[in-house]
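Since the structure comes first, as structure tokens, the remarks are kept for the end.
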Amino acid sequence: MKLIVGLSGNLPRLVSGHSFDTDYNSFYRPFFQILYNQANIPAVIYFSGLWYKWFDDYHPEVNTFIAELQKRNKQVELLGGGYYEPFLPMLQTSDRVGQLDALTTAIRQKFGKKTRGCKLNSASWDNSLIASLKSCGIEYVFLNRNELLSTSPAMGNEFHVTLTEEQGKIMRVFPLADRILEKALEYTPDEFVQHLLQIKGKDPVISLFFDIDNFAEKNFAWLDEFFVRITSNRAVELTTPTQYLKSEPVLTKEYYQGKTLYKKVLLESEELDNLYDKMSFVQTLANSIRGDKYKKKAALDELWKGQGYFSLSSCESSRKAYASFIECEKLARSQGVFISSLINTDFKLRGYKQFLYQGDYYNAYVQRSGGSIFEYDNLQPSWNYVSYCSDNQEPGLFRDSFYDIAKFRGDVESIPGAVTDDLSEVVYDVDNYDRENKQLILSLRRKNADFNVRLIKTYRFFNSMIAVKYEAVNIGGTEMNLGFVTSFNVALYCHHNVFKPTLSEKGITLEDKTKTI
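Residue 1878 in our numbering is what sits at position 387 of the sequence shown, and the numbering runs on without skipping anything.
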């Protein structure tokens, strides 16, 4: 049996300096110490680009330590991947290569070694990645076969290295034994070694990648003893991918794909769909920068950083992604003379156009569905006020509804229960799009047994203000007693809270602890 020992350093869940420090002290530093003491254990190490940057800033001795292990009997082999751990299939080819090459370059500059392999999120695997990986010098990849579908499943051996290809380019695939490792601490170290030796198949290659999640109990005494057991057992051959491939083994060819269509997540989450649209939009802006390679590099770095946050799928990461994308947009704007404008384009990739006001101080994007503002960016702090969170499931500005006055008690809180006609998903008609005056007029007609009304909604965009005018026209010929309300569901610039508006004699106010907007 051949065994590959790995260490995986993915992004901490909180994506903050404190979380990096906590993870390092509780897990990675003790693991490094054991690895240093066990000179006979060859290891494969993966860290994302943000980890290497954090090491540079706070623990530069880690880079020295890794370099020393590399020189000591080539004990360590380093893996590449996406610098910010993005969901690679979601990216344009240029950004896939950019993310992969950024981490490969960082490793080569730090340690003088070119990476030949990488570790990816297996759920994001797609064979179209092979061309991008090969262009960055990647020859093999670690994947978890439990998260993949195989079009030609190998018989009788889950743990063997395979070969896959796409358009004539080949890639070796090393299987991860994550499920086995999750149950490791149920055994004593010696029992676990015997458990591994019972794995059937011809020439199995078992890859155990330890990380802070699958080794959560952090029993380093157990780990130290396990390493002693495997180095003393002649039936276990410790190896690295490069050592294994040097023997030129005959590999079975297989084809893999993720178990779910990776873009299907965009259909299930409007927040991720909006983020994906923003990412696609600023990708074009960043790649259009000409004549200033430093500004383009800075813009691409913000873009790639946002792509990493996009893949984490949480409230905090979503807002960080927006911040990075807005920073990228600002860098692209600063290339020449920027003039505020109102344009119509298919920003949301739906086959019809939305209306985008891009100003000096804010962006406001209007969609015909609901006639509402679905993104409002305050450019100075790089903050999108219209973003989702667990307690703000329906964000948007100027979301319209009709309500039954008889059910209205006179307070804002009673309105939702009185709403009889929610217009937030009704498609408005475009009566007038005045690009020169930055004016947009939308309208709709609503008719039922109780009322027949035409609603006209006019947006005017100014340098530091949006003006919205509503006109409700009774076109039915009979008297109506109907209430109308427009709502603002926003995320104010605060670490984690979402605030809702309150009504007073002066109008609508939004309180953010120390200030009123």
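Positions of the beta carbon are idealized from the N, C-alpha and C atoms, including for glycine.
{"query": "Checking 8 Å against the spacing of the C-beta atoms, do Asp1694 and His1651 come in under that value?", "result": "yes"}
{"query": "Trp1616 bridges to which residues according to DSSP?", "result": "The partner list for Trp1616 (beta bridge, DSSP) is empty, contrary to what the question assumes."}
{"query": "Compare the C-alpha of Asp1913 against each of Asp1617, Ser1978 and Asn1875 and name the closest.", "result": "Ser1978"}
{"query": "I'd like the list of long-range same chain contacts for Leu1494, defined as Cβ closer than 6 Å, with 5 residues on each side in sequence excluded.", "result": "Ile1697, Val1727 and Leu1729"}
{"query": "As an exercise, report each continuous alpha helix (DSSP H) stretch of at least 4 residues that is fully enclosed by the stretch 1704-1741, in chain order.", "result": "1711-1723 and 1732-1737"}
{"query": "Taking the alpha carbon of Leu1591 as the point to measure from, which residue in Lys1604, Tyr1575 and Asn1516 has its own alpha carbon closest?", "result": "Tyr1575"}
{"query": "May I have the straight-line CA-CA distance separating Ile1661 from Phe1829, to the nearest angstrom?", "result": "46 Å"}
{"query": "For Ile1834, count neighbouring Cβ atoms within 10 angstroms of its own Cβ and tell me buried if that reaches 16, exposed if not.", "result": "exposed"}
{"query": "Measure how close the beta-carbons of Tyr1537 and Leu1570 come, nearest whole angstrom, since I'm counting them as under 8 Å.", "result": "4 Å"}
{"query": "Is Cys1609 helix, strand or coil by DSSP?", "result": "strand"}
{"query": "Taking only the alpha-carbon atoms, compute the straight-line gap between Leu1946 and Ser1860 and give it to the nearest angstrom.", "result": "14 Å"}
{"query": "Taking the beta carbon of Lys1811 as the centre, do at least 16 other beta carbons fall within 10 Å, making it buried, or is it exposed?", "result": "buried"}
{"query": "Please list the segments of the alpha helix (DSSP H) lying wholly inside the stretch 1757-1830, counting only runs of 4 or more residues, in order along the chain.", "result": "1761-1778, 1784-1801 and 1806-1824"}
{"query": "In terms of DSSP beta bridges, what is Gly1749 paired with?", "result": "Leu1639"}
{"query": "Under a three-way DSSP split, which group does Asn1520 fall into?", "result": "For the sequence presented, residue 1520 should be read as Arg rather than Asn. Three-state result, Arg1520: helix."}
{"query": "Are the CB atoms of Leu1672 and Trp1713 within a distance shorter than 8 Å?", "result": "no"}
{"query": "Since Lys1898 is in the alpha helix (DSSP H), which residue starts that stretch and which ends it?", "result": "Taken as a continuous stretch (DSSP letters only), Lys1898 belongs to no alpha helix (DSSP H), as it is neither H nor E."}
{"query": "Taking all protein chains shown into account, decide if Gly1887 is buried (16 or more other Cβ within 10 angstroms of its Cβ) or exposed.", "result": "buried"}
{"query": "Can you tell me whether DSSP reads Ala1982 as helix, strand or coil?", "result": "coil"}
{"query": "Please work out which residues of its chain come closer than 7 Å, Cβ to Cβ, to Ala1855, disregarding the five sequence neighbours upstream and downstream, and give them in chain order.", "result": "Tyr1848, Ile1864, Tyr1867, Phe1952 and Ile1957"}
{"query": "On the premise that Asp1702 lies in contact with Asn1501, defined as a C-beta separation below 8 Å, what is that separation, rounded to the nearest angstrom?", "result": "6 Å"}
{"query": "For Asp1547, does the three-state DSSP call read helix, strand or coil?", "result": "helix"}
{"query": "Does Val1877 come out as helix, strand or coil in the three-state DSSP assignment?", "result": "coil"}
{"query": "Any idea if Tyr1767 is buried or exposed, counting beta-carbon neighbours within 10 angstroms, 16 or more meaning buried?", "result": "buried"}
{"query": "Using only the alpha-carbon positions, how far apart do Pro1602 and Ser1585 sit?", "result": "The sequence as given places Phe at residue 1602; Pro does not occur at that position. Answer to the nearest angstrom: the Cα atoms are 25 Å apart."}
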